[in-house]
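Below is one structure, written out as structure tokens; the observations come after it.
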Amino acid sequence: MRIAVTGSTGLIGSALTRSLHAEGHEVLRLVRRPAAADDEVAWDPRGGHVDTAGLLGCEAVVHLAGAGVGDHRWTRKYKRELRDSRVLGTRTLTRALAGMATPPRVLVAGTAIGYYGDTGSRAVDESAPAGDGFLAELCQEWEAAARPAEDAGIRTVFARTGLVVARGGGAWGRLFPLFRAGLGGRLGDGRQFWSHIALHDQVAALRFLLDAEALAGPVNLTAPQPATNREVTAAMGRVLQGRRRSRCRRRCCGSLSASSPGTCWAASGYCRAGCSTPGSASRSRAWRTRSAAPPDPARARRAEARPGGAVRERRPGRHASGRPLRDVPPRGHTPNARTRV
């Protein structure tokens, strides 16, 4: 099959192109510069031009072009860039396809589940109405821009994609280095749902939509069971942080060490008892609440070896030196670091 792809250098587009090539399909890549190879077709999304002569014989088009949602802060200027790169590009492409003497049979246009807005814990499907907010309004304009293709009789499918799980990019690609360094954690209270999909499942779904003649309109591409941010970040911590350990002196935690009463060990940034507070934050919280530090057996042995063997008694809530515990930061604490999660 002869298939044209926009956004072929992006995370999803590059993976889809490799998959199609591996199956023996002929892939044409739409590029925003003069075509320099036989498999390239020039187009200008903002200028409204597509070299339709290079698209002759195409049976399908996959439209994935658009500025990255998470690449920059959402300033007023970048919001305009997000909109123009999607709406103007989709309008340019669909008008060009509709004007061809022999248009392609199917157009798969990538959009996003941001169409539904913030639904909280309420599950939605393709029949749900559009939500509120910038992303929801953007997705509505994005899909409306494909109307020329629908009017021309081209089977048009809107692939409403969730967060793509991939090592090389997307939201997960930015989080992986943080968790490997032991700096990852949940966002806010962690109760917000992250409807996600693995990159290889995304590619397989797009290829299915190209062949499924009975499908048209919006199709949600996400995993069957959505996960909360708390669940996602906890899983990433277990997998990526591996053997990293940090002492958690949070006295209310139920995972106690037999060797050091009053302490627990936080694996992957979280206590084994299910405490959702990363170890560094727990240490700082114990400091602020004047929790007594656990006894140090090694220090006691050194003191016993001194003449007289006297050990200064440690009063609850105070350091061995007699200073209030709040004035003595715990070992490894960095005063300028933001430890509150």
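So the sequence shown is numbered by my numbering: it starts at 4 and just counts up by one.
Glycine included, every Cβ here is placed at the ideal spot set by N, Cα and C.
Here the structure is a predicted model, which is why all the values come from computation and not from measurement.
What three-state label does DSSP hand GLY173 in the structure shown?
Counted from its first residue, the sequence shown places residue 173 at position 170. It is helical.
Which of helix, strand or coil does DSSP assign to VAL235?
Walking along the sequence shown from the start, residue 235 turns up at place 232. In the structure shown, VAL235 sits in a helix (DSSP, three-state: H, G or I).
Could you give the first and the last residue of the continuous alpha helix (DSSP H) run that contains ARG86?
Reading the sequence shown from its first residue, position 83 is the one you call residue 86. For ARG86, the uninterrupted alpha helix (DSSP H) segment begins and ends at 79-101.
Using alpha carbons as the reference points, say which of GLU43, LEU243, THR97 lies closest to TRP175.
Counting from one through the sequence shown, the residue named residue 175 turns up at place 172. TRP175 has its Cα closest to that of LEU243, out of GLU43, LEU243, THR97.
Look at the alpha carbon of ALA352 and the alpha carbon of GLY10, and state the distance between them as a whole number of angstroms.
With the chain covering only 4 through 344, there is no way to say anything about residue 352.
Between which two residues does the alpha helix (DSSP H) carrying VAL72 extend?
Residue numbering aside, residue 72 sits at position 69 when the sequence shown is read from its first letter. Where VAL72 is concerned, there is no enclosing alpha helix (DSSP H), given that its DSSP letter is neither H nor E.
How is ILE157 classed by DSSP in three states: helix, strand or coil?
Position 154 of the sequence shown, counting from 1, holds the residue named residue 157. In the structure shown, ILE157 sits in coil (DSSP, three-state: anything other than H, G, I, E or B).
Out of GLY120, LYS82, TYR118, ALA63, which has the shortest C-alpha to C-alpha gap to LEU100?
Taking the first residue of the sequence shown as 1, we reach residue 100 at position 97. Of the listed residues, the one whose Cα sits closest to LEU100 is ALA63.
Mapping DSSP to helix, strand and coil, what is PRO221?
What you label residue 221 is simply residue 218 of the sequence shown in a count that begins at 1. DSSP places PRO221 in strand when its eight states are reduced to three.
Is DSSP giving ASP121 helix, strand or coil here?
Here residue 121 corresponds to residue number 118 of the sequence shown, with the count starting at 1. The answer is coil: DSSP assigns ASP121 none of H, G, I, E or B.
Considering only the beta carbon of each residue, do HIS199 and ALA226 sit closer than 8 Å?
Taking the sequence shown and counting its residues from 1, the one referred to as residue 199 is at position 196. Taking the sequence shown and counting its residues from 1, the one referred to as residue 226 is at position 223. Yes, Cβ-Cβ distance for HIS199 and ALA226 is below 8 Å.
Mind checking who ILE6 pairs with in its DSSP beta bridge?
In the sequence shown, counting from the first residue as 1, residue 6 sits at position 3. Paired residue(s): VAL30, ALA63.
Rounded to the nearest angstrom, what separates VAL167 and GLY173 at their Cα positions?
Position 164 of the sequence shown, counting from 1, holds the residue named residue 167. Position 170 of the sequence shown, counting from 1, holds the residue named residue 173. About 6 Å.
Could you tell me if LEU59 is buried or exposed, where buried requires 16 or more neighbouring beta carbons within 10 angstroms of its beta carbon?
Within the sequence shown, the letter at position 56 stands for residue 59. Exposed, by the Cβ-count rule.
Tell me, to the nearest whole angstrom, how far the beta carbon of ALA162 is from that of VAL222; I am working on the premise that it is less than 8 Å.
Position 159 of the sequence shown, counting from 1, holds the residue named residue 162. Position 219 of the sequence shown, counting from 1, holds the residue named residue 222. The Cβ separation is near 6 Å, so the contact holds.
Continuous alpha helix (DSSP H) stretch holding ASP204: start and end:
For the purposes of this step, residue 204 is taken as the residue at position 201 of the sequence shown. Its alpha helix (DSSP H) spans residues 202-214.
Provide the residue span of the alpha helix (DSSP H) that contains GLU140, from first to last.
Translated into positions along the sequence shown, residue 140 becomes position 137. Its alpha helix (DSSP H) spans residues 137-147.
What is the C-beta distance between LEU213 and VAL53, in whole angstroms, given that I count them as a contact (C-beta under 8 Å)?
On the sequence shown, residue 213 is found 210 positions in, with the first residue counted as 1. On the sequence shown, residue 53 is found 50 positions in, with the first residue counted as 1. The distance from the Cβ of LEU213 to that of VAL53 is about 20 Å, inconsistent with a contact at the 8 Å cut-off.
ALA201 versus ALA169: straight-line alpha-carbon distance, rounded:
Mapped onto the sequence shown, residue 201 falls at position 198. Mapped onto the sequence shown, residue 169 falls at position 166. Roughly 7 Å separates the two Cα atoms.
If I follow the unbroken beta strand (DSSP E) through THR114, where does it start and stop?
As a working mapping, residue 114 is identified with position 111 in the sequence shown. From DSSP, the beta strand (DSSP E) with THR114 extends over 109-115.
As assigned by DSSP and simplified to three states, the class of ARG194:
Within the sequence shown, the letter at position 191 stands for residue 194. Coil at ARG194, not helix or strand.
Output yes or no for whether 8 Å exceeds the beta carbon distance between GLY13 and LEU67.
The residue given as residue 13 occupies position 10 in the sequence shown. The residue given as residue 67 occupies position 64 in the sequence shown. Yes; because the gap between Cβ atoms is below 8 Å, this pair is in contact.
How many Å lie between PRO48 and GLU146 at the Cα?
Stepping through the sequence shown from its first residue, residue 48 is reached at position 45. Stepping through the sequence shown from its first residue, residue 146 is reached at position 143. Between PRO48 and GLU146, the C-alpha separation is close to 16 Å.
Whole-angstrom Cβ separation of ALA219 and VAL160, contact assumed at under 8 Å?
For the purposes of this step, residue 219 is taken as residue 216 along the sequence shown, with counting starting at 1. For the purposes of this step, residue 160 is taken as residue 157 along the sequence shown, with counting starting at 1. So it is a contact: roughly 6 Å between Cβ atoms.
With a threshold of 7 Å on Cβ separation, who are the neighbours of HIS24 within its own chain once the five nearest residues in sequence on each side are excluded?
Working through the sequence shown from its first residue, we reach residue 24 at position 21. Hits under 7 Å: VAL30.
DSSP three-state assignment for PRO264, whether helix, strand or coil
As a position in the sequence shown, residue 264 is number 261, starting the count at 1. Note that PRO264 scores a pLDDT of 37, beneath 50, so its modelled location is shaky and nothing firm can be said.
GLN205 and LEU178 - do their beta-carbons sit closer together than 8 Å?
Translated into the one-based positions of the sequence shown, residue 178 becomes position 175. Translated into the one-based positions of the sequence shown, residue 205 becomes position 202. No; because the gap between Cβ atoms is not below 8 Å, this pair is not in contact.
Cross-strand partners of GLU43 (DSSP beta bridge):
For this step, residue 43 is matched to residue 40 along the sequence shown. Partner(s): ARG32.
Got a sec? Which residues, its chain only, sit under 6 Å from GLU144 by beta carbon, not counting five neighbours each side?
One-based indexing of the sequence shown puts residue 144 at position 141. Closer than 6 Å at Cβ, skipping near neighbours: VAL90.
Confirm, please, whether the CB-CB distance from GLN195 to THR231 is below 8 Å.
As a first step, residue 231 is located in the sequence shown; it is residue number 228 there, counting from the start. As a first step, residue 195 is located in the sequence shown; it is residue number 192 there, counting from the start. Contact: yes.
ARG158 vs GLY193 beta-carbon contact at 8 Å
By one-based count along the sequence shown, residue 158 stands at place 155. By one-based count along the sequence shown, residue 193 stands at place 190. No, the Cβ-Cβ distance between ARG158 and GLY193 is not below 8 Å.
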